[in-house]
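Engineer: Below you will find the structure I want to go over with you.
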């Protein structure tokens, strides 16, 4: 530090004196020219431009990134041609439709995609009618789960109540259905006999039951809630106030409607949170629970497939065939039971001797006979299939039994969850908000589809801040929606963090090992400097090259090998006996070389005979060769069939995934760690090492107790720099596993908790995908800025930490490196 | 040892405990082996890339060939086809008998007369890749063995459309299809349940296979033929058939010498509601005099817009048939040179139906295609096209008797009269494989397996099959880096176009445009970034107080930590603004340096008392000048646009409006600026200095400022003069130097990539400059040199090699940068230096295409080659930089 300060003093002081003297002499011309002020200013200009570029870029990203979630006012523009546009103004600029003609135009985010097929609309100033720009008080901005935003003025809020269906009604309806199906098959005479029964008895009875139910329903809604209107939806589809329902009319639903913007908004605000919670529960069921069940079934299926590969006899195909046959038999039996039930109920209701009962019995019998034939056929097939399975292992292989049990259990549970989902769906679908768009069209939004809604023009500063932070919270903790252009980016943050951590776990030990070897153990010479130069150069090799390597080596060779053994990776295995013999020989040579190396390396540096001096080097070379050959031989094993052979041809590890992405990036950042560690290790003064040796410490003791602690900040700096580089890198990730949308997180609560083979989302890739490939780039852009802000924040804070650490390190050891 | 005298006089125990020694050795061993192992593992990256690339240059091989002599013989003119799994095949005799057989044994599965009551007189298969047809999931005819009523789960068919002509003048279209089904296990007969994975067996008229994935797959050949359509008025002698992309065309010639064309159009079938071809019209072909003798071959190209009549003596007539209302003889030529007595013995269309392959009696094969001649080339035929011989293969051993086309690549198999077959790659003009089927017997028919992994032939005595590995015939050093004559092009060209919309697309792997793209991106980046970074580093290390420097340096290094994807996004964001403000942005290149210089001259005029005091805030003043320069550009830009570029630069660049004057002025400005500055420095300035010795500092400063303004004016004047001169000669920069403006262009990439390159060059250059020992500076300053003189004459020469290495490292980064060029480069693989146009660099191309490339395909390996090229380029550049830097470090150390 002080040396630099001295230089600065040296630099400025003489110049000043020199200038003054020149001025005094009066020969200002040559002195002025010699000072070359224009050139100095030009170089200063270059610096200023560079600084302005950084500042401008950061300012742009910070401004746009922070501004994204700020709720704007909703503007309504009346146009001269009578149309109206409503939404947030997203751009306001001077436009030149033809040279010399300038006009102002506004880009309005109009939303309502399903109605207009566009998210944005440009409005020229001269299109706007005079005085046509207003801020409608109750204009509502609705963020939805699907279709993007909606802008509209609330008209009404409706709660639907469907008419409950009684058991009797259900039974009658079933009977009617049964007869209607059966009558098509009857001959003319029978149909003529039966038609009066269906038309004059069955239908009126059903209708009577239904009307009783309407009346009960009407009685329940006897009084109108305060401020609301009750509407009835008639069977004809007509909607009338409940007081005007014609007597004897069938009512399907009753709507409790609150009209007026304020009343509707109040009711919405009151009910929305509850409905959202239910909708979230439904999504959890749909995504998580059903997904878990499907995975369970898939696991059982794969187990059968594995067993099949092992015993080399068909298992999966017969097992699946048997499962299907059983299901078909069960369905047929269910249908038979239902038919019997209907026939029985007809007999009870209309008497055993009635035409109807006889017809019903006949129908049921006919259908029963058909079903019985089918069942019998399936049974025979089932037996044949079962025989194949029994042959594979007597009594049926246990995996197959497990597969069948799992399939049965999963079917039952899936049905249960589906029922729950249906119930929630029915419950949440009862609430709807009716909005009028700018051009007067009415649209009803289901509350479950609304993520967030607020009357933008009524919000005070404080409320808007609330919306702003709630949007940030959703962004940081939510899942993406709408092709990633809405919602949150939690999976991307999570993916980035997990990948970076695994990468640093892999890179630091090896980087430190290599650096320690280069600085402490290797004898300086041309080879070591060549190695050092190459390692430095690897830092300059384009990241995409590492991506190419990662895809070709990790995914397509190592991954394919893990999946399905050598064959799957395109490696030709060796014959068994030769393989064993060579493997043993190589293992012996490798171990011998290692031991020899241990023995001779410890004595390096002392005077020995020629052979002893070379022994160490020879043993290292021998060990390297043996190790490489050993690895190659392992790759050619004839015994390994892969861990995921059952899933083939679908790759498990043989494609991009988190593990391979982390390893690729650790290869990419290895030079960073090696260089930083080397620098830190060599910054430890030799005097300290010598002091340690003088005290009688061994080399390892010196390294462990003296060098490493001193170098630790430097190593940490290297690690942080590597993490920063890894977090910001995108190009290699495009090849080894980053995806637009990963349905599952790489680490979750499911065994084995870490899923290295899964694809993952990544902040940088998210920016690339959204900024470059989004179908709706206009609407996605603000999100890209926010994601960029987040990524820069992460990378910059990692870098700043490294710079700070490096500064501390330098100050502590006072050694400036170039 | 123990009885040596010690310093203290006391004997010391000198042995180290065994544990410390053991730990030390183990640690040494682990670190040594681990360290070396790590380094070796890393160095394997390049080796692995090379290992993947190497098979590109392997030569093709025949892995297994065998002759099967079943009890059936093939008649001349039979046609042969094999399915993609090489399991089942069919051969169609000229009499309309379809024989279905098992490929590995040659065993006949089924033998059927396609038309039992009438015998075809002509057969014409449609050329090109077979159609993929979804089979309706009803109970198929192939299910009869099991008697099941259950539809198979999935069904798909690969169909070959064939047209048949009959003696009554009618034509029938048929599809002979390979159908695969996945039957349910319950439907599989007892006998088949003993199959092992990978085994197959004949089951009725099908082949059942248990795939290695444990699924049962049933292979069948089905024929779906349509009703007769009366076309001709006599027995059909020759027939040509093409699908024409959904609108089939059939041409028929009769024995009596009349020819007709039947056009089909896709119509919605009123009964089924599906769209299918319906006969649209039948047109008489106005035959020329030359066609009095019926032709020996009749062929229609893929779109049905050209009908070829070929005679054995090598005559060829081409009729333009695109418009049914206006059919005419387009051109008439000879396939053989004058005096060549060869006879035409085989003809057919290559995959895609565009290239005509003909074989002759001397064993030669040549490829002809239609191209649109460029201006100045050979004259076009009356329809604007011209048939040219693009590729020719040297004579084989005997006359060509059969041709078989690959369904995936531009390969042809030719069978010869002496019983040999050869495999040819057309575009690369390579003979890949030659093999013998049955010596002495002419080859009746040849076929290439759909996956290009097998070669099949029919000889009179039997059926021959071979497993082949054609490797990557379309890639060789010359096809990768030199111009190649692709189908339909007027001349050989260097093109990169790896994927196309249709199945018969021919990938074009010319790496040169990509290498060019990389160089172009690097050039524009360095043009913008290098001077800026070097000057900035010079200023920071020489003209700024060390405390300021300590703040500035990290600020610029922040730029280095910006992820490149962010910069790529920045490019996308600024692109529309750049397009809207392009004149102002181009003027910035002039106004910023000019404003800075002007400000410096104004600074000189200010009395020295004040400037000396203000000097430490000089950078702040410089920063203040920037907005002024921007404002000036903003005003000037539209002005320049109006006066020089006819009011609209973008339209001007398109070449639509304005004179070339404006462009020349802009292009000549830097050169004339340098020239005038040099003249001014050599002669004017010394004169001014001599004069100025008498007029005092302020007066001189004024004079100097005047000189600068004069220099500027002279620069503009000379640029205008030069531009006027060039314009007078009729030269236009639009075309070779500048051209059409596209939104994502090199200008933007150069600017944005500057963000990536500047901090790297800046940091290394600044390190190098400040590593120059201070005693050199002190000596120079002490001897009376100004800081600038010290910087230019002492510091820069000393640090020269360091600066060079900074530039090289920056270059390396620019070469390998991926995301920015991918997002902002436009990704168009064209070769021009136009800064307003895009490019496609190696790195971006790899990132864009590798995820879609099929493992171990030619495309995949070529992308690996691109990666290896990048690796080599950056490794060399960086190694040079590192060596220079080390040398510099040593030199500085000695100073």
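Residue numbers (the numbering used here), protein chains in the order written: chain A, 1 to 818; chain B, 1001 to 1895. Ideal Cβ placement from N, Cα and C applies to all residues, glycine included.
Can you give the Cα-Cα distance for residue 330(A) and residue 641(A), rounded to whole angstroms?
Structural biologist: C-alpha separation (whole angstroms): 39 Å.
Engineer: Enumerated in chain order, which unbroken segments of the alpha helix (DSSP H) with a length of 4 residues or greater are wholly contained in the region 1489-1545 of chain B?
Structural biologist: For the region 1489-1545 of chain B, whole alpha helix (DSSP H) runs of length 4 or above, ordered along the chain, are 1512-1542.
Engineer: Relative to the C-alpha of residue 278(A), which residue among 593(A), 336(A) and 450(A) is closest?
Structural biologist: The residue with the shortest Cα to Cα distance from residue 278(A) is 450(A).
Engineer: Using 10 angstroms around the beta-carbon of residue 1887(B), count the other beta-carbons present and answer buried if the total reaches 16, otherwise exposed.
Structural biologist: Exposed.
Engineer: Counting only Cβ pairs nearer than 9 Å, list the residues of chain B close to residue 652(A).
Structural biologist: Those do not exist, as residue 652(A) stays about 14 Å from chain B at its closest Cβ, beyond 9 Å.
Engineer: Provide the residue span of the beta strand (DSSP E) that contains residue 1833(B), from first to last.
Structural biologist: Residue 1833(B) -> no beta strand (DSSP E), and no H or E assigned at all.
Engineer: Closest Cβ-Cβ distance between residue 33(A) and chain B: below 8 Å?
Structural biologist: It does: the Cβ of residue 33(A) has a partner Cβ on chain B nearer than 8 Å.
Engineer: Classify residue 695(A): buried if its beta carbon has 16 or more other beta carbons within 10 angstroms, exposed otherwise.
Structural biologist: It counts as exposed.
Engineer: Mind checking who residue 1593(B) pairs with in its DSSP beta bridge?
Structural biologist: Residue 1593(B) is not bridged to any residue.
Engineer: Counting only runs that start and end within the region 139-192 of chain A, where is the beta strand (DSSP E) found for 3 or more residues in a row?
Structural biologist: Within the region 139-192 of chain A, the complete beta strand (DSSP E) runs of at least 3 residues are 140-144 and 149-162.
Engineer: At the 8 Å Cβ level, is residue 1215(B) part of the contact set with chain A, yes or no?
Structural biologist: Judged by the 8 Å Cβ criterion, residue 1215(B) is in contact with chain A.
Engineer: Quick one: any contact between the region 1334-1342 of chain B and the region 1311-1321 of chain B, if contact means 3 or more CB pairs under 8 Å?
Structural biologist: Yes, the region 1334-1342 of chain B is in contact with the region 1311-1321 of chain B.
Engineer: If residue 1536(B) and residue 1588(B) are in contact, beta carbons under 8 Å, what's the gap, nearest whole angstrom?
Structural biologist: The pair is not a contact, with the Cβ atoms about 17 Å apart (cut-off 8 Å).
Engineer: How many angstroms separate the CA atom of residue 1035(B) from the CA atom of residue 1055(B)?
Structural biologist: If you take the alpha carbons of residue 1035(B) and residue 1055(B), they lie about 32 Å apart.
Engineer: Using a cut-off of 9 Å between C-beta atoms, extract the partners of residue 699(A) located in chain B.
Structural biologist: Correct list: 1024, 1027 and 1028.
Engineer: Please confirm if residue 1838(B) has its CB atom under 8 Å from at least one CB of chain E.
Structural biologist: Given the protein chain composition of this structure (A and B), no chain E is represented.
Engineer: With the cut-off set at 8 Å, would you say residue 256(A) and residue 219(A) are in Cβ contact?
Structural biologist: Not closer than 8 Å, so no.
Engineer: Please look up how many angstroms separate the CB atoms of residue 1619(B) and residue 47(A), rounded, as I've assumed it's under 8 Å.
Structural biologist: About 7 Å; that satisfies the 8 Å criterion.
Engineer: Whose CA, out of 718(A), 805(A) and 211(A), lies closest to the CA of residue 166(A)?
Structural biologist: Ranking the options by Cα distance to residue 166(A), first place goes to 211(A).
Engineer: Please list the partners that residue 326(A) has in chain B, where partner means a Cβ-to-Cβ separation under 8 Å.
Structural biologist: Simply none; closest approach about 12 Å.
Engineer: Determine the DSSP secondary structure at residue 1731(B), reduced to helix, strand or coil.
Structural biologist: Of the three classes helix, strand and coil, the one that applies to residue 1731(B) here is coil, per DSSP.
Engineer: In angstroms with no decimal places, state the Cα-to-Cα distance between residue 125(A) and residue 93(A).
Structural biologist: Whole-angstrom Cα-Cα distance: 10 Å.
Engineer: Counting only C-beta atoms, is residue 1882(B) closer than 8 Å to chain A at any point?
Structural biologist: True, the Cβ-Cβ gap to chain A drops below 8 Å.
Engineer: Can you name the residues that DSSP bridges to residue 1238(B)?
Structural biologist: The partner list for residue 1238(B) (beta bridge, DSSP) reads 1253(B).
Engineer: From the beta carbon of residue 50(A), is the nearest beta carbon of chain B less than 8 Å away?
Structural biologist: Closer than 8 Å to some Cβ of chain B, the Cβ of residue 50(A) qualifies, so yes.
Engineer: Is residue 553(A) close to chain B, meaning its C-beta is less than 8 Å from at least one C-beta of that chain?
Structural biologist: Closer than 8 Å to some Cβ of chain B, the Cβ of residue 553(A) qualifies, so yes.
Engineer: Find the residues of chain A that neighbour residue 1601(B), judging by a C-beta separation of less than 8 Å, and give them in chain order.
Structural biologist: By Cβ distance, chain A contributes 37 and 38.
Engineer: Taking DSSP as the reference, what is the three-state secondary structure of residue 481(A)?
Structural biologist: In the structure shown, residue 481(A) sits in a strand (DSSP, three-state: E or B).
Engineer: Assign residue 1775(B) to buried or exposed, taking buried as 16 or more other Cβ atoms, counted over all protein chains shown, within 10 Å of its Cβ.
Structural biologist: So residue 1775(B) ends up on the exposed side.
Engineer: Around the C-beta of residue 1577(B), are 16 or more other C-beta atoms found within 10 angstroms, so that it is buried, or is it exposed?
Structural biologist: Looking at its Cβ environment, which holds fewer than 16 other Cβ atoms inside 10 Å, residue 1577(B) is exposed.
Engineer: What residues from the region 1854-1865 of chain B come within 8 Å of chain A, judged by C-beta to C-beta, listed N to C?
Structural biologist: Here the close residues are 1855, 1856, 1863 and 1864.
Engineer: Pull up the CB-CB distance for residue 168(A) and residue 209(A), whole angstroms please, since I reckon it's below 8 Å.
Structural biologist: The pair is a contact, with the Cβ atoms about 6 Å apart (cut-off 8 Å).
Engineer: I want to verify the contact list: residues of chain B whose CB lies under 9 Å from the CB of residue 788(A), in sequence order.
Structural biologist: Under the 9 Å cutoff, chain B gives 1563, 1565, 1566, 1569 and 1570.
Engineer: Identify, in the order they occur along the chain, each residue of the same chain with its Cβ nearer than 7 Å to the Cβ of residue 1676(B), setting aside the five sequence neighbours on each side.
Structural biologist: Hits under 7 Å: 1711, 1714, 1715 and 1718.
Engineer: Let me check understanding here. Comparing Cα to Cα, which of 1756(B), 1722(B), 1279(B) and 1256(B) lies closest to residue 1267(B)?
Structural biologist: When each option's Cα is compared against that of residue 1267(B), the closest is 1279(B).
Engineer: How about residue 1809(B) and residue 1758(B): do their beta carbons lie closer than 8 Å?
Structural biologist: No, the pair does not count as a contact, with Cβ atoms beyond the cut-off.
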